[in-house]
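>
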Amino acid sequence: MPLRFILGRAGSGKSELCLGEIRTELTARPDGHPLIYLVPEQMTFQSEYLLSTTTGLGGNISAQVLSFTRLAFRVLGETGGLTRAHLNSTGINMVLCRILERQKKNLRLFHRASEQVGFTSQLEEILTEFKRYCVLPQELGDGGRKLQPNGEETEISGAGNRVLEDKLHDLALIYHELELELAGRYLYGEEYLPILAEKLFMSASLKNAQIWIDGFHFFTPQELLVINSLLACCKGVTVALTLDQPHDHQLPHEFSLFYQTAQTYQTLRNTALKGGAFLEKTSLLPEELGSTIPVRFAQQQELAHLEKHFDRRPVVPYQDSCPGITLAAAVNRRTEVEHAAREILTQVRSGGYRFRDLAVMTRDMSLYHDLIRTVFHDYGIPLFLDRKRPMLNHPLVEFIRSAVEAVNKNWNYEAVFRCIKTDLLFPLEQWKDIDRLREEMDQLENYVLAFGISGSRWTGDKPWEYGRKEDLVLLNRLRQLVIGPLMGFQQDMKSAKTGHQMGTALFKLLESLNVPAKLEKWQLQARKEGNLAQAKEHAQVWRAVLELLDQLVDVLGEEKIPVNLFPRLLEAGLESMHFALVPPALDQVLVATLDRSRLSNVKCVFLLGVNDGVLPARIQEKG
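Residues in the sequence shown are numbered consecutively from 181, following my numbering.
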């Protein structure tokens with residue numbers, strides 16, 4: 181089957197050409213063969229929006245915008261292969277937590293780190309990379325054994341090799357245990373693509389499909405397997421790459437901006453030729469469109485110059501004026517964000533821009549997230565933060581963590597009042613007086629601190645008797661309000677022996693407190709205030725918790741586990757939960773990171789925090 185490349189620098193019109201060809205096919209044959217636009221996950225929403233809002237196209241079922249993972253689900257749903265239970269990142273983290281506990285005595289380096297917060301998430305990341313790049317557990321073990329002392333070695337190199345050998349030993353052991361745990365029972369994200377590569381030949385719907393692949397700079401070995409299968413069974417495959425020219429035989433210098441993409445181009449080209457694919461004529465943009473300047477920068481010569489010479493050393497100066505590029509210095513981040521907010525309002529009020537025409541980009545969102553949210557709210561600027569935020573700070577997740585900690589750690593002060601301050605312990609019918617309840621709980625907190633109350637002094641039958649009598653009636657009533665549901669949960673946890681029973685006990689607690697109705701109330705309030713993103717978060721967190729409990733039951737089932745292991749398994753799962761939202765409104769400023777987000781149809785960008793070592797970024801070693 182034919183393979184065609186569309187090459188061009190950034191902004192040269194590659195994506196628009198792909199979408200234009202899909203639109204042309206849809207117009208000519210609305211009920212024709214499938215047309216699939218294959219893009220990275222974070223690019224699917226914008227691409228689908230651009231395609232579906234094309235004037236005159238209307239609805240269609242032929243064209244689909246998919247990521248590799250969604251393509252796998254679609255094909256496996258048609259051909260079979262989804263019989264094994266699906267484990268998401270949450271489930272994998274809980275499996276890894278159990279493996280670490282089980283193998284602690286056999287770990288050379290990770291036995292102490294295994295109990296640190298966030299360790300299982302880091303472990304999942306590196307094991308996912310191994311899976312993605314087809315690295316096997318035995319290869320890690322072999323690599324570690326090659327580092328064993330062999331002849332003369334210096335003290336420094338010897339110590340370094342021993343640490344690396346121990347690390348590879350532990351990774352190989354954990355990876356092997358994970359493979360045994362999942363074999364024949366579960367599937368998780370990185371296992372779908374090899375199965376997809378095998379099943380593509382069985383898919384009747386893709387036999388005459390046309391595929392456009394866009395938005396990638398490189399492909400993992402698993403993705404290359406899928407592309408090879410697509411070449412063998414589909415009508416045609418088009419790949420768009422950000423590349424200045426075809427590098428058929430020789431790669432550019434390894435420090436070139438296009439070195440990685442040139443490697444990808446050669447890998448795809450050579451693999452296709454070996455597989456007997458026919459190479460169609462390569463489209464090189466913008467030259468094929470009769471121009472030497474990328475389409476995106478046709479009206480801004482200074483931006484075209486910057487794009488062309490960004491990585492040139494020595495620097496190539498631009499001789500004309502630069503109205504399209506403004507440099508600004510700020511004394512601190514808040515001043516920087518406030519300046520951007522004022523400029524955004526100026527552009528919207530008098531510059532002819534809509535909020536959706538503007539974007540704010542930064543390298544490290546953690547440094548700017550709270551500042552941007554606060555300042556933009558003060559300035560009345562609608563925004564969408566394109567960031568996968570952890571769910572750990574949501575009241576429901578905090579309630580689960582603190583409730584489990586309270587009943588497992590002798591009703592200590594911090595855990596109990598973290599639980600209270602989520603508001604989820606309060607009966608729903610009393611939420612109309614929520615401010616009064618919070619004030620009363622402040623009184624309870626002061627009393628508990630003053631008299632050092634914990635353990636059986638919370639749960640015992642004897643009423644509290646210290647303090648003023650007029651306060652004790654209220655304090656004892658508040659005490660019963662707190663311990664009522666939590667004591668029931670504690671009893672259920674004590675009688676539970678298996679993971680299934682412990683998960684059921686937690687769900688029973690959430691159900692008894694009417695948590696879904698409380699979350700729905702928060703949703704309605706957020707919508708009323710115009711905060712659609714927050715409303716979606718309240719809906720998403722409940723689904724995520726239910727999925728976590730399902731994964732917990734799938735992973736542990738009727739296996740007996742120590743009571744003290746359950747909180748760690750739960751914490752590992754909760755740590756891996758993230759919000760994944762799409763823009764809830766059309767006219768918003770997009771706030772995004774340079775390394776993750778893809779911009780589309782943006783007319784003005786504010787780039788924050790461009791300091792030394794930020795752009796280009798310094799390489800950060802992990803491990």
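Cβ coordinates follow ideal geometry from the N, Cα and C atoms, glycine included.
Just so it is clear, the structure is predicted and the values come from calculations on it, not from any experiment.
Would you mind giving the Cβ-Cβ distance between E304 and I272, rounded to the nearest angstrom? I have them listed as a contact below 8 Å.
Sequence index remark: in the sequence shown, residue 304 carries index 124 (1-based). Sequence index remark: in the sequence shown, residue 272 carries index 92 (1-based). With 8 Å as the limit, E304 and I272 qualify as a contact, their Cβ atoms being about 5 Å apart.
> Given the structure, does G212 come close to the ligand NAP, in the sense that its CB is under 6 Å from one of the ligand's heavy atoms?
The model on display carries no ligand, and the ligand NAP is accordingly not part of it.
> On the DSSP bridge list, what partners appear for F458?
Within the sequence shown, numbered from 1, the residue matching residue 458 stands at position 278. Bridge partners of F458: P182.
> Quick one: what's got a C-beta closer than 6 Å to V275's C-beta in the same chain, skipping five residues either side?
Indexing the sequence shown from 1 puts residue 275 at position 95. E361, V735, listed in sequence order.
> Compute the beta-carbon to beta-carbon distance between D767 and F535, rounded to the nearest angstrom, for a pair I have assumed lies under 8 Å.
The sequence position of residue 767 within the sequence shown is 587, counting from 1. The sequence position of residue 535 within the sequence shown is 355, counting from 1. So it is a contact: roughly 5 Å between Cβ atoms.
> Specify, as a first and last residue, the run of the alpha helix (DSSP H) that Y533 falls within.
Position 353 of the sequence shown holds residue 533. Counting along the chain, Y533 falls outside any alpha helix (DSSP H), and DSSP gives it neither H nor E.
> Run through DSSP, which three-state label would W644 get?
As a working note, residue 644 is residue 464 in the sequence shown. W644: coil per DSSP, three-state reduction.
> Return the residue from the list G200, T249, S269 that minimises the CA-CA distance to F759.
The residue you call residue 759 lines up with position 579 of the sequence shown. Nearest of G200, T249, S269 to F759, Cα basis: S269.
> So who's on the other strand from L215, going by DSSP bridges?
Within the sequence shown, numbered from 1, the residue matching residue 215 stands at position 35. Bridge partners of L215: A243, Q390.
> Does DSSP put T602 in a helix, in a strand, or in coil?
Here residue 602 is taken as the residue at index 422 of the sequence shown, counted from 1. If DSSP states are grouped into helix, strand and coil, T602 belongs with coil.
> With DSSP run on the structure shown, which of helix, strand or coil describes V769?
For the purposes of this step, residue 769 is taken as the residue at position 589 of the sequence shown. Correct three-state label for V769: strand.
> S294: buried (16+ other C-beta within 10 angstroms of its C-beta) or exposed?
Locating residue 294 in the sequence shown gives position 114, counting from the first residue. Buried: at least 16 other Cβ atoms inside 10 Å.
> Run through the region 541-595 for me and flag every whole alpha helix (DSSP H) of 4 or more residues, listed as ranges in chain order.
Counting whole runs of 4 or more residues, the region 541-595 contains the alpha helix (DSSP H) stretches 545-559, 575-588.
> Along the chain, which unbroken stretches of the alpha helix (DSSP H) at least 4 residues long are found entirely within the region 634-716?
Counting whole runs of 4 or more residues, the region 634-716 contains the alpha helix (DSSP H) stretches 636-639, 649-675, 679-692, 695-708.
> Can we say the region 212-220 touches the region 393-410, given the rule of at least three CB pairs closer than 8 Å?
Yes, the region 212-220 is in contact with the region 393-410.
> If contacts are defined as beta-carbon pairs under 8 Å, then F458 and P182 qualify, I think. What distance do you get, rounded to the angstrom?
Reading the sequence shown from its first residue, position 278 is the one you call residue 458. Reading the sequence shown from its first residue, position 2 is the one you call residue 182. So it is a contact: roughly 5 Å between Cβ atoms.
> Measuring straight from C-alpha to C-alpha, what distance separates Y559 and G532?
Along the sequence shown, read from residue 1 onward, the residue named residue 559 stands at position 379. Along the sequence shown, read from residue 1 onward, the residue named residue 532 stands at position 352. Those two C-alpha atoms are separated by around 18 Å.
> Would you check if the distance between the CB atom of W638 and the CB atom of W591 is smaller than 7 Å?
If you number the sequence shown from 1, residue 638 lands on position 458. If you number the sequence shown from 1, residue 591 lands on position 411. In this structure, W591 lies closer than 7 Å to W638 by Cβ.
> What residue from Y646, L246, L206 has the CA that sits closest to G238's CA?
Numbered from 1 along the sequence shown, position 58 holds the residue referred to as residue 238. Closest by alpha carbon: L206.
> What residue range does the beta strand (DSSP E) around A420 cover?
Against the sequence shown, residue 420 aligns to sequence position 240. A420 -> beta strand (DSSP E) spans 416-422.
> Spell out the partners DSSP gives F786 in its beta bridges.
Walking along the sequence shown from the start, residue 786 turns up at place 606. F786 pairs with V540.
> Less than 7 Å between the C-beta atoms of Y366 and A252, yes or no?
Within the sequence shown, numbered from 1, the residue matching residue 366 stands at position 186. Within the sequence shown, numbered from 1, the residue matching residue 252 stands at position 72. No; because the gap between Cβ atoms is not below 7 Å, this pair is not in contact.
> Count the C-beta pairs between the region 183-195 and the region 414-433 that are closer than 8 Å, then say yes if the count reaches three, no if not.
With the cut-off at 8 Å, the region 183-195 and the region 414-433 touch.
> Report buried or exposed for P503, applying the criterion of at least 16 other Cβ atoms within 10 angstroms of its Cβ.
The residue you call residue 503 lines up with position 323 of the sequence shown. Answer is exposed; the Cβ neighbour count stays below 16.
> Assuming contact is defined by CB atoms lying nearer than 7 Å, are F398 and Q440 in contact in what I supplied?
For this step, residue 398 is matched to residue 218 along the sequence shown. For this step, residue 440 is matched to residue 260 along the sequence shown. Yes, Cβ-Cβ distance for F398 and Q440 is below 7 Å.
> With a threshold of 6 Å on Cβ separation, who are the neighbours of E717 within its own chain once the five nearest residues in sequence on each side are excluded?
Your numbering for residue 717 matches position 537 in the sequence shown. Here the set comprises F759.
> I'd like to know whether the C-beta atoms of S409 and E755 end up nearer to each other than 7 Å.
Counted from its first residue, the sequence shown places residue 409 at position 229. Counted from its first residue, the sequence shown places residue 755 at position 575. Against a cut-off of 7 Å, the Cβ pair of E755 and S409 comes out as no contact.
> On the three-pair Cβ rule with 8 Å, is the region 505-520 touching the region 543-553?
The region 505-520 vs the region 543-553: in contact.
> Among C414, Y445, L316, which one has its Cα closest to the Cα of H427?
Within the sequence shown, the letter at position 247 stands for residue 427. Measuring from the Cα of H427, the nearest candidate turns out to be Y445.
> Rounded to the nearest angstrom, what separates G679 and A685 at their Cα positions?
Walking along the sequence shown from the start, residue 679 turns up at place 499. Walking along the sequence shown from the start, residue 685 turns up at place 505. Rounded to the nearest angstrom, the two C-alpha atoms are 10 Å apart.
> I'd like to confirm the pairing. Which residues does DSSP put opposite Y265 in its beta bridges?
In the sequence shown, counting from the first residue as 1, residue 265 sits at position 85. Correcting the residue type first, residue 265 is Ala in the shown sequence and not Tyr. Partner(s): Y366.
> Excluding five sequence neighbours on each side, which residues of the same chain lie with their C-beta closer than 8 Å to the C-beta of F786?
Residue 786 sits at position 606 when you count from the first residue of the sequence shown. A520, E523, I524, L538, A539, V540, M541.
> Do you know offhand how far D651's Cα is from H574's?
Walking along the sequence shown from the start, residue 651 turns up at place 471. Walking along the sequence shown from the start, residue 574 turns up at place 394. Cα to Cα, the separation comes out at about 32 Å.
> Do you know how far the Cα of D346 is from the Cα of I336?
Taking the first residue of the sequence shown as 1, we reach residue 336 at position 156. Taking the first residue of the sequence shown as 1, we reach residue 346 at position 166. Interpretation of I336 is limited by its pLDDT of 43, a score under 50 that renders its predicted location unreliable; the figure taken from the coordinates is listed afterwards. Their backbone Cα atoms lie some 16 Å apart in a straight line.
> Please list the terminal residues of the continuous beta strand (DSSP E) segment that includes L237.
Position 57 of the sequence shown, counting from 1, holds the residue named residue 237. Per DSSP, L237 belongs to no beta strand (DSSP E) and is neither H nor E.
> Name the DSSP bridge partner or partners of K740?
One-based indexing of the sequence shown puts residue 740 at position 560. According to DSSP, K740 bridges with T678.
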